[in-house]
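Engineer: Let me begin by handing over the structure; questions about it come next.
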Amino acid sequence: MTAISVLRIEGLRAAVGGKEILRGIDLEVRSGETHAVMGPNGSGKSTLAHVLMGRPGYEVLAGSVTIDGEELLGRPVDERARAGLFLAFQYPIEVPGVPLAEALREALAASGRRTVDLEEEMAGEAARVGLVASLLDRPLNVDLSGGEKKRNETLQLAILRPRFAVLDELDSGLDVDALRQVARRVEAASNEAEPGLGVIAITHYTRLLEELAPDVVHVMSAGRIVRTGGPELAAELEASGYAVYREAGPDEPEALPAEGDPFADPLA
Ligand code: ADP
Ligand code: MG
Numbered sequence: 496m497t498a499i500s501v502l503r504i505e506g507l508r509a510a511v512g513g514k515e516i517l518r519g520i521d522l523e524v525r526s527g528e529t530h531a532v533m534g535p536n537g538s539g540k541s542t543l544a545h546v547l548m549g550r551p552g553y554e555v556l557a558g559s560v561t562i563d564g565e566e567l568l569g570r571p572v573d574e575r576a577r578a579g580l581f582l583a584f585q586y587p588i589e590v591p592g593v594p595l596a597e598a599l600r601e602a603l604a605a606s607g608r609r610t611v612d613l614e615e616e617m618a619g620e621a622a623r624v625g626l627v628a629s630l631l632d633r634p635l636n637v638d639l640s641g642g643e644k645k646r647n648e649t650l651q652l653a654i655l656r657p658r659f660a661v662l663d664e665l666d667s668g669l670d671v672d673a674l675r676q677v678a679r680r681v682e683a684a685s686n687e688a689e690p691g692l693g694v695i696a697i698t699h700y701t702r703l704l705e706e707l708a709p710d711v712v713h714v715m716s717a718g719r720i721v722r723t724g725g726p727e728l729a730a731e732l733e734a735s736g737y738a739v740y741r742e743a744g745p746d747e748p749e750a751l752p753a754e755g756d757p758f759a760d761p762l763a
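Going by the numbering used here, the first residue of the sequence shown is number 496, and it counts up by one from there.
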């Protein structure tokens, strides 16, 4: 049995386009835990994901992000991945011209893991997340639909078995069946492996959380976590919306889709 790992975000402040968006985030996730991060549009959820993954253009102003005490901020993406953070290849790492199997083989080899059964394992995982097997032969990032990208990302997660994953709107662009398949696969990674995957699941909607059961739910507003609770908090948000949280922010532009349609593009 492998030891429990801890992803710890402390006092994280970050700016994008010269504007401070994250204004002091504290969050601690352990192996096997699923934390949902919810909140109105523009509250900084995606910014948090991008900063954790080291996407260029995001300026860290203060704070730290560690896995088992090892600092991730300021480190290149491949080092963050080696430290145990999941980074789907389609984003932010783009490897045009390289088939998925190649990229996975390299990533596994870099962390000293065997890859002899990789093709077989990929076929099994593709079936599990409903990805058409012929898509596996395409170069990364080429001509996948939104839903196929999400399934592909989930397959990568299953094979790479990182310690922690940050999943930003895993539910966007997926129909109900696809959502169930990918959410169940992530849930299995969290529950069945030893130690389980630690998950930060960023989502607007509780539908994802029906299959990917959160242990903890956080509400973000104007760059801060303003409330933390158990799974019941997600149900409360579903019922009451984010209006009360939106008021907390001085300059949050967008509103939720009026009908609460889980498949509407919130920015459309
Ligand atoms: P969420 O994912 O919660 O909807 P985001 O993290 O995408 O929120 O956005 C938070 C805020 O940061 C918004 O006000 C958005 O307009 C702003 N923002 C995001 N990306 C950029 C950027 N590249 N340049 C300037 N402002 C940005
Ligand atoms: Mg977002």
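Glycine included, every Cβ here is placed at the ideal spot set by N, Cα and C. Small disclaimer: the values here were computed from a predicted structure and weren't measured.
How would you write the range of the alpha helix (DSSP H) that S667 sits in, first residue to last?
Structural biologist: On the sequence shown, residue 667 is found 172 positions in, with the first residue counted as 1. Note, S667: premise wrong, no alpha helix (DSSP H); not H, not E.
Engineer: At 4 residues or longer, and completely inside the stretch 561 to 639: list those alpha helix (DSSP H) runs for me, N to C.
Structural biologist: If we require 4 residues or more, the alpha helix (DSSP H) runs fully inside the stretch 561 to 639 come out as 572 to 578, 595 to 605, 613 to 624.
Engineer: Can you tell me which of the three DSSP states I499 falls into?
Structural biologist: For this step, residue 499 is matched to residue 4 along the sequence shown. Correct three-state label for I499: coil.
Engineer: My understanding is that L662 touches V681, with C-beta atoms under 8 Å, so please give their C-beta distance in whole angstroms.
Structural biologist: For this step, residue 662 is matched to residue 167 along the sequence shown. For this step, residue 681 is matched to residue 186 along the sequence shown. The Cβ separation is near 7 Å, so the contact holds.
Engineer: Return yes when at least one heavy atom of ligand 1 lies under 8 Å from the C-beta of M715, else no.
Structural biologist: Taking the sequence shown and counting its residues from 1, the one referred to as residue 715 is at position 220. M715: yes, Cβ under 8 Å from ligand 1.
Engineer: Can you name the start and end residues of the alpha helix (DSSP H) that H545 belongs to?
Structural biologist: Indexing the sequence shown from 1 puts residue 545 at position 50. Element bounds for H545: 540 to 548.
Engineer: Taking 5 Å as the limit, name every residue whose beta carbon sits nearer than that to some heavy atom of ligand 1, in sequence order.
Structural biologist: After applying the 5 Å Cβ criterion, the set is V511, G512, I516, N536, G537, S538, G539, K540, S541, T542.
Engineer: Would the beta-carbon of G693 fall within 9 Å of that of V524?
Structural biologist: Start at 1 with the first residue of the sequence shown, and residue 693 comes out as number 198. Start at 1 with the first residue of the sequence shown, and residue 524 comes out as number 29. Cβ distance < 9 Å, so G693 and V524 count as in contact.
Engineer: Starting from R702, trace the alpha helix (DSSP H) in both directions and tell me its first and last residue.
Structural biologist: What you label residue 702 is simply residue 207 of the sequence shown in a count that begins at 1. Looking at the DSSP string, the run of the alpha helix (DSSP H) that includes R702 is 702 to 706.
Engineer: Does ligand 2 have a heavy atom nearer than 8 Å to the CB of A664?
Structural biologist: Looking up residue 664 in the sequence shown gives position 169. Residue identity check: residue 664 is Glu in the sequence provided, not Ala. Yes, since a heavy atom of ligand 2 falls inside the 8 Å radius drawn around the Cβ of E664.
Engineer: Is the stretch 557 to 575 touching the stretch 525 to 541 in the sense that three or more CB pairs, one from each, lie closer than 8 Å?
Structural biologist: Taking 8 Å as the limit for Cβ pairs, the verdict is that the stretch 557 to 575 does not touch the stretch 525 to 541.
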